[in-house]
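Protein chains: 2
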Amino acid sequence: MEDASLVGTRERILKAAELLFASRGYAGTRLHEIAHGVGVQKASLFHHFASKEDLYRAVLDEGHHHSRVTLEKALDGADTPLEKIRALTEAYVDMVVAHPERTKILLRESFGDVPPGASRHETQQILGMVVDFVEDQRRQTGNAEVDVRALLVGVIGMVAFFFTSAPVLVPAWFADPLDADNVARVKRLATKVVEDGLAASLKIPATTTPTKVAAR
Amino acid sequence: MEDASLVGTRERILKAAELLFASRGYAGTRLHEIAHGVGVQKASLFHHFASKEDLYRAVLDEGHHHSRVTLEKALDGADTPLEKIRALTEAYVDMVVAHPERTKILLRESFGDVPPGASRHETQQILGMVVDFVEDQRRQTGNAEVDVRALLVGVIGMVAFFFTSAPVLVPAWFADPLDADNVARVKRLATKVVEDGLAASLKIPATTTPTKVAAR
DNA sequence: GTCTATATAGGGATAGAC
DNA sequence: GTCTATCCCTATATAGAC
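Heads up: the sequence lines are chains A and B, in that order.
The opening residue of the first sequence carries number 1 in our numbering; numbering runs sequentially from there.
The opening residue of the second sequence carries number 1 in our numbering; numbering runs sequentially from there.
What follows is the structure, given as structure tokens:
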């Protein structure tokens, strides 16, 4: 972590923009709010970014890049297929927890909440990467009965929604949704869903003893 | 289903507004688009609703009301606790499938995408109703190890994301996401997650034979 | 109850001094 | 590279005829 005063204005704008785009959406965010968040005048933003749309795309690109790197690293860092899948799942949860705003923006992307010009290309590539890997494994075992895509989409929805939306919807339910307990809880749930879902396909032993969610 | 020409203009406005608010969000939706969807002039909207915000709230209220009625009906229509929980899960999936736009709007609500005045009161009440029921059952078995709230939030995220966001994100993956096959698939996955998650608490036998997702 | 015309405000973007 | 001042457009909302 570097001293905030040492990072360039461009970076501080990106950060403030990410925060606001996440909570208000593209159309709902006002440039003067972003400027205010940075502590600068609205007009100054245009020195760093050509337009609001350009700024949004920069935020989006950063998110895509980070996601891709994180997931690739998880995939490369583990050895066996089972370990890779576990690493992938945990890395995703960790990523969401570490960057809930970014996650929210990517979720918004999946709502069609994007400026006119933007495409879903990047996200599609990243999801494709994950699915390709899992399907590769699946093909080797010859099992065709699991829909990897549906499972992936379901788990993403589960994890992302839990950490980004639940706090807004029912703030009283999870005092601090990002605390270690909750993270562990969701990680366990996600891992279980993934592994049970893929058990038959990947010859993973089903983890399901009737769910005992151990206290921390 | 009534003839479209027989429903009042107010209802047709609500419907067009729901569609647009769902896909573009509150801030991203223009009143003239809604008017165009109805086939009427922009100014005419103000005869039926005092303001854009008022219209949005009406759409939201309708969604809340329908959700509450649907879930209450599912709860009342089943006998044993296990059947009630299954009915609840299936009813939720069916509701999402039948009204993806409404679902998207409620998801947006959980993003904080609401006009200044709105509150999350209604949604909180509905979620509370479900949780209260499940926790009631849980208390009778004395098991304290499952976090019903986390499970509920997770499943909602999984189901809602699958049907509303996945089609936008990766349209190529699910030719028709709302078709019977996909619905069955998700229903099975959701039911499994719920029942495995609650198995220990409700003395439900764990369903987990290593997941075999039967072809239709 | 719907229309045309218009008022008004606010937001994105630019000009140009410093 | 940041500021102040301003342009210009669009979106909500209103007025008032039909």
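Note that the Cβ used here is the ideal one computed from N, Cα and C, for glycine as well.
*Given a threshold of 16 other Cβ atoms within 10 Å of its Cβ, counted over all protein chains shown, does alanine 214 (chain B) qualify as buried or as exposed?*
Low local confidence applies: a pLDDT of 46 at alanine 214 (chain B) is under 50, so the model's placement there is unreliable, and no value is given.
*So, using beta-carbon positions, are valine 155 (chain B) and valine 193 (chain B) closer together than 8 Å?*
The criterion of a C-beta distance shorter than 8 Å is satisfied by valine 155 (chain B) and valine 193 (chain B).
_Cα-Cα separation, histidine 64 (chain A) to methionine 95 (chain A)_ = 12 Å
*Best match in A:Ile105, A:Lys203, A:Glu83, A:His66 for proximity to isoleucine 126 (chain A) [C-alpha to C-alpha]*: Of the candidates A:Ile105, A:Lys203, A:Glu83, A:His66, the residue whose Cα lies closest to the Cα of isoleucine 126 (chain A) is A:His66.
_At a CB distance below 9 Å, what residues from the segment 120-131 of chain A approach chain B? Give them in sequence order._
Arg120, Thr123, Gln124, Leu127, Gly128, Val131
*Hey, is phenylalanine 49 (chain A)'s beta-carbon within less than 8 Å of any beta-carbon in chain B?*
no
*Might you give, ordered along the chain, the residues of its own chain that have their beta carbon closer than 6 Å to the beta carbon of leucine 20 (chain A), omitting 5 neighbours on each side?*
Thr29, Glu33, Ile34
*Going by C-alpha distance, which of B:Met158, B:Glu72, B:Asp196, B:Ser201 is nearest aspartate 136 (chain B)?*
B:Ser201
*Give a yes or no on whether 8 Å exceeds the smallest Cβ distance from isoleucine 105 (chain B) to chain A.*
no
*At a Cβ threshold of 8 Å, is leucine 20 (chain A) touching chain B?*
no
_Per-residue burial, arginine 24 (chain B) [other beta carbons within 10 Å of its own, 16 or more giving buried]_ = buried
*Spell out whether any CB of chain A is found under 8 Å from the CB atom of methionine 158 (chain B).*
yes
_Going by beta-carbon coordinates alone, are threonine 103 (chain B) and alanine 160 (chain B) separated by less than 8 Å?_
yes
_Using CA atoms only, rank isn't needed, just tell me which of A:Val146, A:Ala17, A:Leu198, A:Val131 is closest to leucine 75 (chain A)._
The candidate whose alpha carbon is nearest that of leucine 75 (chain A) is A:Val131.
*asked:* Please tell me whether isoleucine 105 (chain A) and glutamate 18 (chain A) are closer than 8 Å, where the distance is taken between their beta carbons.
replied: A distance below 8 Å separates the beta carbons of isoleucine 105 (chain A) and glutamate 18 (chain A).
*Below 8 Å between beta carbons: does that hold for valine 153 (chain B) and alanine 166 (chain A)?*
In contact: valine 153 (chain B) and alanine 166 (chain A) (Cβ atoms closer than 8 Å).
*Quick one: residues in its chain with C-beta nearer than 7 Å to the C-beta of arginine 10 (chain B), no 5 flanking neighbours on either side, listed in chain order?*
His48
_Own chain residues within Cβ distance below 7 Å of lysine 52 (chain A), not counting five before or after_ = Leu31
*In whole angstroms, what is the alpha-carbon distance linking leucine 55 (chain B) and leucine 14 (chain B)?*
7 Å
*Please list the partners that valine 153 (chain B) has in chain A, where partner means a Cβ-to-Cβ separation under 9 Å.*
Met158, Phe161, Phe162, Ser165, Ala166, Leu169, Val170, Trp173, Phe174
_In whole angstroms, give me the CA-to-CA distance for alanine 16 (chain A) and glycine 37 (chain A)._
6 Å
_Taking beta-carbon pairs under 9 Å, can you tell me which members of the segment 26-39 of chain A lie near chain B?_
Tyr26, Ala27, Gly28, Thr29
*Under 8 Å between beta-carbons, which chain B residues line up against aspartate 113 (chain A)? List them in chain order, please.*
What aspartate 113 (chain A) touches in chain B: Arg24, Gly25, Gly28.
*Skipping 5 residues on each side, what residues in its chain have a beta carbon closer than 6 Å to that of alanine 78 (chain A)?*
Lys84, Ala87
*Going by Cα to Cα distance, which pick from B:Phe174, B:Glu122, B:Ala22 is closest to valine 69 (chain B)?*
B:Glu122
*Contacts of aspartate 136 (chain B) in chain A (Cβ-Cβ under 8 Å)*: Simply none; closest approach about 17 Å.
_If the criterion is Cβ atoms closer than 8 Å, does the pair leucine 71 (chain B) and alanine 91 (chain B) meet it?_
Here leucine 71 (chain B) is near alanine 91 (chain B), since their CB atoms are less than 8 Å apart.
*If you check the beta carbons only, do leucine 151 (chain A) and glycine 197 (chain A) fall under 8 Å apart?*
At a Cβ-Cβ threshold of 8 Å, leucine 151 (chain A) and glycine 197 (chain A) count as neighbours.
*Measure from the alpha carbon of glutamate 62 (chain B) to the alpha carbon of each residue in B:His99, B:Thr141, B:Asn182, then state which is nearest.*
B:His99
*Continuous beta strand (DSSP E) assignments of at least 3 residues falling wholly in the segment 91-129 of chain B*: none
*asked:* By alpha-carbon positions, which one of A:Val183, A:Ala22, A:Lys203, A:Ala184 ends up nearest to valine 59 (chain A)?
replied: A:Ala22
*Please confirm if alanine 150 (chain B) has its CB atom under 8 Å from at least one CB of chain A.*
yes
_Start-to-end residues for the alpha helix (DSSP H) that takes in alanine 15 (chain A)_ = A small correction: the amino acid at residue 15 (chain A) is lysine; alanine does not occupy that position in the sequence shown. Its alpha helix (DSSP H) spans residues 9-28.
*Name the chain A residues whose beta carbon is nearer than 7 Å to that of serine 110 (chain B)?*
Ser165, Val168, Leu169
_Candidates B:Gly8, B:Ala27, B:Ala199: closest to leucine 45 (chain B) by CA position_ = B:Gly8
*Is there a Cβ from chain A that is less than 8 Å from the Cβ of valine 193 (chain B)?*
yes
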